[in-house]
Every structure is written in C-alpha cells, then in structure tokens.
Amino acid sequence: MSKINIIPIFIPHLGCPNDCVFCNQKKITGISTHVTGSEVESNILEYLDYFYDKSKDVEIAFYGGSFTALEIDKQIEFLSVAKKYKDSGKIDRIRLSTRPDFIDRDILKIQLDYGVDIIELGVQSMDDEVLNLSNRGHSSKDVIKAVESIRETKITLGLQQMIGLPGDTYEKSLYTTRELIKLKPDFVRIYPTLIVKDTELERMYYNNEYTPMSLESSVEDVSKFLMLYMKEDIKVIRIGLQNTESISTDGDVVGGPFHESYRELVEGLVLNEMLYNYLTKFIEIDNMTVFGSGRNISLLVGQKSKYKDLLKSKYNIKNLKYKQMKIDDTKLKLEINSEIYNIDLEYELGNLVDKMGI
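Number 11 in the working numbering belongs to position 12 of the sequence shown; there are no gaps in the numbering.
Okay, here's the thing in structure tokens:
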C-alpha cells in the first residue's frame, strides 16, 4: 500500500513538441481531454475528500505531457493552484514530469517559485540512435545537462527509462542503466515498451519494421537492471505501466510485454536468482523449507507457483515448502536437510551482480 496519497493531474500531450513513436498520451493516461486550472482545482478537492487515510502525506503529480514545455502562462496557471493548496498545508509536495531538453535555469526558477518538489525526466535511453529512432527529439547530452541543472537546486530528481524501443538491445539498455546510475537520481521508473493503438509504433509493427520484446525476455532484462539499481541503493518506484481502462490487453495494447503484475514478475525473478546463487554450494537437497516475510514468500512462489516449480525442478528437491514468518524483507531463512541457514539478501545481491558481470 502506498505511503502517500497521490493526486494525479493528467495533461495528455500538452507541451510535447513532437510525437514519440510509442506515444499516444490519451491512451496511456486514460484521459482524452485537455486540462484547465479550474479542473485541476476540482480534481484536488475531489481527491482530498476521497482519501481515507488523512494522516498520509499528499502529493500533487502532473503526469502525461512535458510540463516545462508548456507555455509559461499555462505552467503558472497549473502551479499556482497546486501552490495554493501546498501553502495552506493541505498537500505536501508537487511533482511533475518533463523532457530533458526543456530544463534550464530560467525554467527551474519558475518551478522553485511555485513550490515544485520533484521533477521526473523522461530519459528513456542514453543511446542516441535509440532516441533518434524513437523520435524523442533530444539527445543523451540534453539529459546530462538537465540533470546538472536540477542538481543545482534542492528539487528531488527522478529518471524514467524504457527498454525495447526501436533499435534497442540488451546491451544498449544495460548501458543506459549504468549511465543513469552515474547521474545518481533519487529514484527511477522502468517501463517496457508497449505498442499502443494509434501510434507510429503500431504502424511500424504492422509493417514488420518493429518487433516487440516478449514478456519473458523483458522480465529477464529488467530483473538485471533492477539488481543494478538495488545494489546502488537507487529506488525504483515503478516497473511497468499500471493498468487503466485503456491500457490492458483487452483495451488498447496491440503488442509488447504487458502484464497486470509486471513488477511482481520482475521482483520474483530477482529474489529467486539470489536464492539460486546461494544454493549452488549444496550438492544435494532432499528437503527444504524457505522462511520469509509474507511479501517475499509470495514473490518467491510466483504466480501459479511458477518459481516454486522451477526451483524444485532445478535442484531436484523432493520436498519443498514455503512458510511466512516475522522477518525483515532483506532476510531469508532456509531449513535444508534439517540444517538452518540465514541469508542476507543485500549481501547475496552484491554477490550475484558481481558473478553475472552486469
């Protein structure tokens, strides 16, 4: 459950100077109309009344378009409403997302004057060929410049990464991950590329100019990138697009690795890879019980016992059980052939990353 109450304000495609091949913001956000300042205020009031737990921090988040590419008057129209509620103490933070090439000191001064706390940059890739093929309209140098400018302020920095874009490869996405780590963001989001209706990517797909990643391969790749971020203690606050009425396999996704529980698939694989690595020291395992927190046990077992069955088969375990216990998420306890073993997952993560050479 989220530790904060988020008031989402979707500004679909407002401010974007070009059309990225993957983007149909009306579909991605589930919103199809433009937004006004009065609508922003109505949305804020509606959510403030709706929130059940009033003790949580409240955050206004402008999603969808490139906020700082909006006309200045439009930015101020939206931000002045948000600032009013921040100044009154009814909300705690203001967040926005934007393009790297629409960040400079003058733009940042406006954001600071109106109380913006968090800026997310849609980096997507640090490979310039991938950016060009995706019609992003900015370069990797723009990303570095924008990050440097934001770091001169006290604004919290988030970076968004996409994998599987046109021209992308595992190696290029791995390079992007390493480059983003060097930029030391406060948090990251990772999105596998989906083919949404009414986009250039859909046309490319039907003309055999683009092949989407499979669910399995994308989960495998993202699990490695997640390990790298985890090792560097960089928070990954979202993995995969969330389900809306539009974004679902029954809605407007034409192709690509969409799954309602995408993050759970990735985190489950990461946990199991750490467990596999630990178990390599054992020659024979007849009986094993895995003890962990409720969350970790769910991830380790996997949907429809997928990961449990793989583990049992991989090590020819005759009797495999999972049990919940009160234990930190960074720990596991194993009972193997009547012997007890304690696993420090943070230590195992570092071990695994070094062993995999990623």
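In this text, a Cβ means the ideal position worked out from N, Cα and C, and glycines have one as well.
Given that a residue counts as buried once 16 or more other Cβ atoms are within 10 Å of its Cβ, and exposed if not, what is Ser172? buried
Mind checking who Ala60 pairs with in its DSSP beta bridge? Pro7 and Arg94
Between which residues of its own chain and Phe101 is the CB-CB distance below 7 Å, once the five residues before and five after are set aside? Ser65, Thr67 and Ala68
Less than 8 Å between the C-beta atoms of Pro165 and Ser133, yes or no? yes
Same chain only: Cβ atoms within 8 Å of Gly114, ignoring 5 sequence neighbours per side: Leu78, Ala81, Lys82, Lys85, Asp86 and Ile93
Tell me the residue span of the beta strand (DSSP E) that contains Phe290. Asn286 to Gly291
Residue from Gly267, Lys311 and Ser216 with nearest C-alpha to Tyr360: Any question about residue 360 goes unanswered here, given that the chain covers just 0 to 357.
For Glu244, count neighbouring Cβ atoms within 10 angstroms of its own Cβ and tell me buried if that reaches 16, exposed if not. Summary for Glu244: the model assigns pLDDT 44, below 50, so the residue's position carries little reliability, and this model does not support an answer.
How many angstroms separate the CA atom of Ile90 from the CA atom of Asn315? 54 Å
By how many angstroms is the C-alpha of Arg150 removed from the C-alpha of Leu240? 27 Å
Give me the residue from Met287, Lys332 and Gly63 with the minimum Cα distance to Leu310. Met287
Give the straight-line distance between the Cα atoms of Leu344 and Asp56, rounded to the nearest whole angstrom. 30 Å
Would the region 273-290 and the region 207-214 be scored as touching if the rule is three or more Cβ pairs under 8 Å? no
Measure the C-alpha to C-alpha separation of Leu120 and Lys317 and round it to an integer number of angstroms. 49 Å
Rounded separation between Arg202 and Val34 - CA only: 29 Å
Cα-Cα separation, Ile30 to Phe186: For Ile30, the predicted structure reports a pLDDT of 49, less than 50, and the residue's modelled location is therefore unreliable. The matter cannot be settled from this model.
Which residues bound the alpha helix (DSSP H) around Asp48? Gly36 to Tyr49
Alpha carbon to alpha carbon, how far is Ser304 from Gly369? Give it in angstroms, no decimals. Here the chain comprises residues numbered 0 to 357, so residue 369 is not present and cannot be evaluated.
Do Thr192 and Met161 count as a contact pair if the criterion is CB distance below 8 Å? yes
Three-state secondary structure (DSSP) at Phe186? strand
Judging by CA-CA distance, which residue of Arg262, Gly163, Arg177 and Arg98 is the nearest neighbour of Tyr62? Arg98
Which value, in whole angstroms, describes the spacing of the CA atoms of Gly255 and Thr198? 13 Å
For Asn318, which three-state DSSP category applies? strand
Report, in whole angstroms, the separation of the C-beta atoms of Ser260 and Gln302, which I expect to be a contact under 8 Å. 7 Å
Tell me the rounded alpha-carbon separation between Asn4 and Phe50. 7 Å
If Ile364 sits next to Ile6, beta carbons under 8 Å apart, how far is it from one beta carbon to the other, in whole angstroms? Shown here, the chain extends from 0 to 357; a query on residue 364 therefore has no answer.
Measuring alpha carbon to alpha carbon, tell me which of Glu266, Leu268, Gly267 and Ile238 ends up nearest Phe257. Ile238
Member of Val221, Thr152, Asn206 and Leu227 whose CA lies at the smallest distance from the CA of Lys181: Leu227
For Tyr190, count neighbouring C-beta atoms within 10 Å of its own C-beta (all shown protein chains included) and say buried if the count is 16 or more, exposed if not. buried
Quick check for students: name the residue ranges of the alpha helix (DSSP H) that lie wholly in the region 113-140, counting only runs of 4 or more. 127-132
Would you kindly work out how many angstroms separate the C-alpha atoms of Ile154 and Asp220, rounded to a whole number? 30 Å
Are Ser415 and Val195 closer than 8 Å when you measure CB to CB? Given a span of 0 to 357 for the chain in the structure shown, any question on residue 415 remains unanswerable.
Using a 10 Å radius around the Cβ and a threshold of 16 neighbouring Cβ atoms, would you call Gln74 buried or exposed? buried
With H, G and I counted as helix, E and B as strand and the rest as coil, what does DSSP make of Gln241? coil
From the DSSP output, which residues share a beta bridge with Gln160? Gln123 and Ile189
Buried or exposed: Asn295, going by 16 or more other Cβ atoms within 10 Å of its Cβ? buried
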